[in-house]
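Heads up, the thing below is written out as structure tokens.
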Amino acid sequence: MPLRESLAAVLRLVRISRGLSKDDFQGLVDPKHVYNLETAKSGVTLDTLEAIASVLQVDALTLLTVAASLERGQSHSDLLLYLKNDGQQLAELGVLTKWYGEFEDGSLVTTKPGRRTPPETVEAILACRDYGLSRKETADKLGVHLSTVGRIWRRTQA
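For the sequence shown, the UniProt record's numbering begins at 1 and goes up steadily by one.
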């Protein structure tokens, strides 16, 4: 069963267990949207899940982990152990220590879209330009796209 369906059932069961109606979410989440989530007709965003969780008085992550454990057919504690190991792998990759560098004054730092051209490729392109090669010759020689060569030449021209 998809996680969406498992989460739908968990949301419905928690809401009913708390004695809440779909109208109790009014102001935070439209009751029709709650219905669509509980019948797995809609996917949920993190913001919406957090709003629903606040009304249900449970952490959004608890809703997700319970739904995931049921969907996978494993105990909640086994899933948490698996997630702990996953978290350790992310820590080994440096994600936990580098996370703070992704924010400035409390806001996420934006990045430029697209793939970055490696500095050594930029240097090679500029060296070809200085040597007198054309853009086409440079692109062919280095095996990079002609538009990449043109963009780097335009960006570095005085």
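Virtual Cβ for every residue (Gly too), placed ideally from N, Cα, C.
So, using beta-carbon positions, are L56 and R15 closer together than 8 Å?
yes
If you run the structure through DSSP and keep just helix, strand and coil, what is I69?
Strictly speaking, residue 69 in this sequence is Ser, with Ile absent from that position. Here S69 sits in helix by DSSP.
Tell me whether Y91 is buried or exposed, calling it buried when 16 or more other Cβ atoms sit within 10 Å of its Cβ.
Tyr is not the amino acid found at residue 91; the sequence shown has Ala there. Exposed: under 16 other Cβ atoms inside 10 Å.
Looking only at C-alpha atoms, which of E50, T138, G94 sits nearest to F121?
For clarity, residue 121 is Thr in the given sequence; the question names Phe instead. Among E50, T138, G94, the Cα nearest to that of T121 is on T138.
Name the DSSP bridge partner or partners of E104?
S107
Ignoring anything shorter than 4 residues or poking outside the stretch 1–31, list the alpha helix (DSSP H) runs there in chain order.
3–17
Would you call the stretch 114–130 and the stretch 138–154 touching, i.e. three or more CB-CB distances under 8 Å?
yes
Let me know the secondary structure DSSP gives H33 once reduced to three states.
helix
Have a look at residue 159 and L83 and give me their C-alpha separation to the nearest angstrom.
Not covered by the structure: residue 159. The range shown for the chain is 1 to 158.
Taking 7 Å as the limit between beta carbons, can you name the residues of its chain near Y35, skipping five residues before and five after?
K22
Which residue comes first and which comes last in the alpha helix (DSSP H) that contains H76?
76–92
Along the chain, where does the alpha helix (DSSP H) that runs through L133 open and close?
Per DSSP, L133 belongs to no alpha helix (DSSP H) and is neither H nor E.
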